[in-house]
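Data block below; observations after.
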Amino acid sequence: MCLPFLFLLLFTLLGCAPTKLFLGKLDAAEDEIARGKPYGYDLAHKPALLPPSYDARHRLALIVESVLLGAYSYPEVRKDLEGIREDPHLPKYLRVEAGYLLVLFDELQRTRREVQHLSEEMKKCSDHSEKAQKTIEELKKHIEEKHKELEVLTFKLNKLEEIHLDTEKRRGTQ
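Per the working numbering, the sequence shown runs over residues 8 to 181.
In structure tokens form, the structure reads like this:
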């Protein structure tokens, strides 16, 4: 009679210890994430029996850490956050927090698309700018060549005028 009771007591206590250890790690991880730092704790192995609110907190912590590390997939994050936001078994504050994060992630994704579009535009403008700079250099060289030709032709014209004037003087003196 006493043996099954001891077994249940031992099972219960051993089942609670990993959960308490996990929740301690989760609290520490949430503190680190709240300061904008990725946490150094392994939260990948969570206990099988975890209340829904702690499971949601765990998922939120993993989502925010993946964003801090820059290694996240927007569709997966959106799906997880929508799941948390729509779960009626979770406390309201967690659903609201998931909704806030979802709005922020949507804005982040929109901003990321805008930055990508603007960087593409900047690259195009840079290419056009380089082409324009090359064209300007070519035009400057062409203008210099034409100025040299103009100087040579002006010199020749002046020489022809001198020759013409000398010829007129000789005719006038004869």
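Every residue gets a Cβ at the ideal spot worked out from N, C-alpha and C, and that includes glycine.
Alpha-carbon to alpha-carbon, residue j and residue i
{"i": "PRO59", "j": "LEU97", "result": "6 Å"}
{"i": "LYS138", "j": "LYS148", "result": "15 Å"}
{"i": "GLU152", "j": "GLU175", "result": "34 Å"}
{"i": "LEU67", "j": "PRO95", "result": "16 Å"}
{"i": "LYS130", "j": "ARG120", "result": "15 Å"}
{"i": "ASN165", "j": "GLU156", "result": "14 Å"}
{"i": "ILE150", "j": "SER136", "result": "21 Å"}
{"i": "LEU111", "j": "GLU127", "result": "24 Å"}
{"i": "ILE170", "j": "LYS141", "result": "44 Å"}
{"i": "GLU89", "j": "LYS99", "result": "14 Å"}
{"i": "ILE143", "j": "GLU168", "result": "37 Å"}
{"i": "GLU145", "j": "ALA78", "result": "47 Å"}
Distance between beta carbons of residue j and residue i, contact taken as under 8 Å
{"i": "ARG92", "j": "LEU109", "result": "6 Å"}
Chain-order list of residues whose beta-carbon lies under 8 Å from that of residue i (same chain, five-residue window excluded)
{"i": "VAL71", "result": "ILE40 and LEU108"}
{"i": "ASP87", "result": "ARG66 and ILE70"}
{"i": "TYR268", "result": "Residue 268 cannot be examined here, being either before or after the span of the chain that is shown, 8 to 181."}
{"i": "LEU17", "result": "Reliability fails at LEU17, whose pLDDT of 44 lies under 50, so the model's placement of it is uncertain and no value is given."}
Own chain residues within Cβ distance below 6 Å of residue i, not counting five before or after
{"i": "ASP134", "result": "none"}
{"i": "VAL6", "result": "The requested residue 6 does not occur in the structure, where the chain is confined to residues 8 to 181."}
Own chain partners of residue i with C-beta closer than 7 Å, once the 5 adjacent residues on each side are dropped
{"i": "ARG178", "result": "none"}
### Task
Inspect the CB distances between the region 56–75 and the region 98–110 and report whether three or more fall short of 8 Å.
yes
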